[in-house]
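Below is one structure, written out as structure tokens; the observations come after it.
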Amino acid sequence: MYRTNWGIGHGLKDILEAHKGPFTGQGHKGLYEILTTSWHAQLSLNLAMLGSLTIVVAHHMYAMPPYPYLATDYGTQLSLFTHHMWIGGFLIVGAAAHAAIFMVRDYDPTTRYNDLLDRVLRHRDAIISHLNWARIFLGFHSFGLYIHNDTMSALGRPQDMFSDTAIQLQPVFAQWIQNTHALAPGATAPVGGKVALLPIPLGTADFLVHHIHAFTIHVTVLILLKGVLFARSSRLIPDKANLGFRFPCDGPGRGGTCQVSAWDHVFLGLFWMYNSISVVIFHFSWKMQSDVWGSISDQGVVTHITGGNFAQSSITINGWLRDFLWAQASQVIQSYGWSSRTGKVLRF
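Its first residue numbered 1216, the sequence shown is counted upward by one per residue in our numbering.
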């Protein structure tokens, strides 16, 4: 497909410029010149691809481990997943940062008319507003399900909770994919009496937490993309391109202009990336210990590390705190209660 040293195949420039859709004007015309003349544009694209690939690797290393004994070394599995997720998150934020720097320093609107990037910039308000309502919808509904469950739990009404035993929200498409993948290998792959591979059971709890992932990821994308699309100008500050990638806050001037530079969007995006990855790591740590990792007896009976408590406990915020974050901390928790009951004051 791509042209080699002997002139066989197509040039990347020709492929890009031939790619025109009904709504994209000149399409990718001029993109080749951007990528070959702007280091920031090139770096942004490479960081985005490498970051996405790193997150894919994080998931494949536990789902399809390359070594049998890696699959049963649960501490290493958790460390590798955490390591690659954090790296992927930082790389993607870096991609947005360098895309914004490209927009400020290297982008020339006088030579880019009606190509794909120009049309995206002209539709930036519609793009950001759509992302905005999507994340508001996701946020209220995903967290609303947890708040509902916590409220019903507090009122002693388990029959009105969203769970596998009451009001079910089953991830039917994900379950179908899991089942098709498990047809050939079978139920478990034990190595040395420990679970190496196991089809991951999915239910209402997984449906809820994956919508939290969708929410946090969309907020991160919204902030980072807004920083790129509005890097050169906005309604309040039309001269952003002259002010640069980062500039000080105007305070009450121009309608209140704090945290509007491209650099500030990177900072806010970094915060939400941290939120996203933290929830992912919490989810992975508990889900794997509850439903995948464990030991297998000679009779083929699987005993999971936390006894499969994810489906019952993770459907409430209180369950995440009580049975995961504060797991095995009963002595510490009770010590606080004991000191307050006896009226003792700790002095340092």
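Glycine included, every Cβ here is placed at the ideal spot set by N, Cα and C.
Neighbour-count burial assignment, residue i, 16 or more Cβ in a 10 Å radius
i            : result
residue 1319 : buried
residue 1561 : Confidence at residue 1561 is low in this model, with a pLDDT of 49, below 50, so its placement is unreliable and the value that follows should be read with caution. Flag for residue 1561 reads exposed.
residue 1337 : exposed
residue 1323 : exposed
residue 1277 : buried
residue 1229 : exposed
residue 1421 : buried
residue 1563 : For residue 1563, the predicted model reports a pLDDT of 46, less than 50, meaning its position is unreliable and no value from the coordinates is stated.
residue 1551 : exposed
residue 1253 : buried
residue 1294 : exposed
residue 1516 : exposed
residue 1480 : buried
residue 1438 : buried
residue 1387 : exposed
residue 1171 : The requested residue 1171 is not part of the displayed model; the chain covers only 1216 to 1563.
residue 1219 : exposed
residue 1300 : buried
residue 1374 : exposed
residue 1156 : The requested residue 1156 is not part of the displayed model; the chain covers only 1216 to 1563.
residue 1330 : buried
residue 1511 : buried
residue 1385 : exposed
residue 1340 : exposed
residue 1224 : exposed
residue 1376 : buried
residue 1371 : exposed
residue 1353 : buried
Beta carbon of residue i nearer than 8 Å to that of residue j
i            : j            : result
residue 1343 : residue 1441 : yes
residue 1565 : residue 1487 : For the chain, the structure presents residues 1216 to 1563; residue 1565 sits outside this window and is missing.
residue 1449 : residue 1475 : yes
residue 1236 : residue 1242 : yes
residue 1520 : residue 1534 : no
residue 1529 : residue 1431 : no
residue 1256 : residue 1333 : no
residue 1443 : residue 1315 : yes
residue 1247 : residue 1260 : no
residue 1419 : residue 1378 : yes
residue 1433 : residue 1349 : yes
residue 1287 : residue 1406 : yes
residue 1417 : residue 1389 : yes
residue 1249 : residue 1365 : no
Among the options, the one whose alpha carbon lies nearest that of residue i
i            : options                : result
residue 1382 : 1389, 1411, 1423       : 1423
residue 1262 : 1404, 1312, 1392, 1445 : 1312
residue 1310 : 1484, 1229, 1374, 1293 : 1484
residue 1282 : 1541, 1438, 1346, 1404 : 1404
residue 1513 : 1491, 1291, 1408       : 1408
residue 1498 : 1297, 1395, 1549, 1369 : 1297
residue 1284 : 1326, 1418, 1412       : 1412
residue 1279 : 1414, 1427, 1473       : 1414
residue 1328 : 1240, 1251, 1347, 1380 : 1240
residue 1426 : 1355, 1346, 1364       : 1355
residue 1289 : 1462, 1346, 1500, 1225 : 1500
residue 1275 : 1222, 1518, 1292       : 1292
residue 1258 : 1233, 1231, 1317       : 1317
residue 1494 : 1358, 1326, 1547, 1545 : 1358
residue 1265 : 1308, 1410, 1233       : 1308
Residue i: CB within 7 Å of a non-hydrogen atom of the ligand ZN
i            : result
residue 1304 : Among the ligands in the structure shown, none appear at all, so the ligand ZN cannot be discussed.
Assess, as a yes-or-no matter, whether the stretch 1490 to 1504 is touched by the stretch 1521 to 1537 under the definition of 3 or more beta carbon pairs within less than 8 Å.
yes
- Item | Ordered list of alpha helix (DSSP H) runs contained in the stretch 1377 to 1453, each at least 4 residues | 1387 to 1397, 1419 to 1444
The stretch 1292 to 1305 / the stretch 1264 to 1271 touching (three or more Cβ pairs under 8 Å): yes
Practice prompt. Quick one: which unbroken alpha helix (DSSP H) runs of 4-plus residues sit fully inside the stretch 1275 to 1311? Chain order, please.
Written response: 1283 to 1286
Beta strand (DSSP E) runs wholly inside the stretch 1499 to 1541, at least 3 long, in chain order: 1509 to 1511, 1517 to 1519
#### Entry: Length at least 4, wholly inside the stretch 1308 to 1383: the alpha helix (DSSP H) runs in chain order
1331 to 1337, 1339 to 1369
Q | Start-end ranges of the alpha helix (DSSP H) lying completely within the stretch 1225 to 1262, minimum 4 residues | A | 1227 to 1233, 1246 to 1252
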